[in-house]
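**Q** Per my numbering, the very first residue in the sequence shown carries number 278; after that it's consecutive.
Every residue gets a Cβ at the ideal spot worked out from N, C-alpha and C, and that includes glycine.
Note that the structure is predicted; figures quoted are calculated from it, not measured.
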Amino acid sequence: MVSIGKNILTGVVIALAAAPAAAEGLQGAELISNCRDNAPDKDARIACLEAAITSLAAPADVAALTASSAAPQGGDESELAQNEVSGLGAEQVIARMAVKNDDVASDINEKVNAAVAEFARTPSGAYVFFLDNGQVWRQKSADSNRIQLSAKRQYTVSVSPGAISGYRLRVNELRRTLLVERVK
Numbered sequence: 278m279v280s281i282g283k284n285i286l287t288g289v290v291i292a293l294a295a296a297p298a299a300a301e302g303l304q305g306a307e308l309i310s311n312c313r314d315n316a317p318d319k320d321a322r323i324a325c326l327e328a329a330i331t332s333l334a335a336p337a338d339v340a341a342l343t344a345s346s347a348a349p350q351g352g353d354e355s356e357l358a359q360n361e362v363s364g365l366g367a368e369q370v371i372a373r374m375a376v377k378n379d380d381v382a383s384d385i386n387e388k389v390n391a392a393v394a395e396f397a398r399t400p401s402g403a404y405v406f407f408l409d410n411g412q413v414w415r416q417k418s419a420d421s422n423r424i425q426l427s428a429k430r431q432y433t434v435s436v437s438p439g440a441i442s443g444y445r446l447r448v449n450e451l452r453r454t455l456l457v458e459r460v461k
């Protein structure tokens, strides 16, 4: 903790030393070399370089830089959200926000009702449903629900988005719901 305080204090001292040097007419290259030569560590060097940049820039330029870094220009909500979202799962949040801005978002929340044209089983025992509307849905391996379908019966299904993610396929005649993913 003490070394961090020393680094900050050293950086402030160097920054204050760089400001009069700029007033004396030092050019940008001289200020940068001054920061390289006199800064004891990287934090102090960064503070010195920032002070050199602000001393070289016109006051209007500094105000513009400060305003642009404080708030993104354009007011686009998705750009603002992309800048604020970080950490684990950030890419999912950004992708979800991009979809909400498209016209496709209205189709996502719809429920699909269809008849099962054909079904098959994978070697692991999961079902693959071929619907009459051309869609193909496969039961996820993470789904522990096991059902028995008869080739002699006709089935209707309802596919709807899950509460958080994924899709649920309900076999209406059996009143059973499976976790599925769309194959085609």
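So for A397, helix, strand or coil by DSSP?
**A** Here residue 397 refers to the residue found at position 120 when the sequence shown is read from its first residue. Strand at A397.
**Q** If you compare alpha carbons, which of Y432, R322, S332 is closest to Q304?
**A** Sequence index remark: in the sequence shown, residue 304 carries index 27 (1-based). Closest option to Q304, Cα to Cα, is S332.
**Q** Assuming contact is defined by CB atoms lying nearer than 8 Å, are S418 and S401 in contact in what I supplied?
**A** Stepping through the sequence shown from its first residue, residue 418 is reached at position 141. Stepping through the sequence shown from its first residue, residue 401 is reached at position 124. Result yes, Cβ atoms of S418 and S401 sit closer than 8 Å.
**Q** So, under 8 Å CB-CB, Y444 and P438 are touching, yes? Tell me the CB distance rounded to an integer number of Å.
**A** On the sequence shown, position 167 is the one that residue 444 refers to. On the sequence shown, position 161 is the one that residue 438 refers to. That pair is a contact at about 6 Å.
**Q** For S332, report the span of its beta strand (DSSP E) as first-last.
**A** For this step, residue 332 is matched to residue 55 along the sequence shown. Careful: S332 lies outside any beta strand (DSSP E), inside the alpha helix (DSSP H) at 319-333.
**Q** Reducing DSSP to helix, strand and coil, say where A392 ends up.
**A** As a first step, residue 392 must be located in the sequence shown, where it is residue number 115. Of the three classes helix, strand and coil, the one that applies to A392 here is strand, per DSSP.
**Q** Assuming the contact rule is C-beta atoms closer than 8 Å, L408 and A394 should be a hit. Round their C-beta distance to whole Å, please.
**A** Start at 1 with the first residue of the sequence shown, and residue 408 comes out as number 131. Start at 1 with the first residue of the sequence shown, and residue 394 comes out as number 117. Right, their Cβ atoms sit about 6 Å apart.
**Q** Measure the beta-carbon distance from R415 to E458 and round it to whole angstroms, keeping in mind my assumption that it falls under 8 Å.
**A** In the sequence shown, residue 415 corresponds to position 138, counting from 1. In the sequence shown, residue 458 corresponds to position 181, counting from 1. That pair is a contact at about 6 Å.
**Q** State the Cα-Cα distance for the pair R453 and V389, rounded to the nearest angstrom.
**A** By one-based count along the sequence shown, residue 453 stands at place 176. By one-based count along the sequence shown, residue 389 stands at place 112. If you take the alpha carbons of R453 and V389, they lie about 16 Å apart.
**Q** Alpha carbons only, please: which of N315, V413, D314 is nearest the one belonging to R398?
**A** Residue numbering aside, residue 398 sits at position 121 when the sequence shown is read from its first letter. Checking every option, the nearest Cα to that of R398 belongs to V413.
**Q** State the start and end residues of the unbroken alpha helix (DSSP H) segment that holds S310.
**A** Walking along the sequence shown from the start, residue 310 turns up at place 33. Segment 305-315, the alpha helix (DSSP H) holding S310.
**Q** In whole angstroms, what is the alpha-carbon distance linking A375 and E387?
**A** Residue 375 sits at position 98 when you count from the first residue of the sequence shown. Residue 387 sits at position 110 when you count from the first residue of the sequence shown. Looking at the two C-alpha atoms, the distance is approximately 18 Å.
**Q** Exposed or buried, R423, counting other C-beta atoms within 10 Å across all chains shown (16 or more means buried)?
**A** Here residue 423 corresponds to residue number 146 of the sequence shown, with the count starting at 1. That one is exposed.
**Q** Output the distance between the C-alpha atoms of A321 and V370, rounded to the nearest integer angstrom.
**A** On the sequence shown, position 44 is the one that residue 321 refers to. On the sequence shown, position 93 is the one that residue 370 refers to. One C-alpha to the other measures close to 37 Å.
**Q** Measure from the alpha carbon of R447 to the alpha carbon of each residue in A329, L308, F406, I441, then state which is nearest.
**A** Residue numbering aside, residue 447 sits at position 170 when the sequence shown is read from its first letter. Per the Cα distances, F406.
**Q** Whole beta strand (DSSP E) runs in the stretch 386-461 with 3 or more residues, listed along the chain?
**A** DSSP runs (the beta strand (DSSP E)) wholly in the stretch 386-461: 389-398, 404-408, 413-416, 433-438, 444-448, 453-459.
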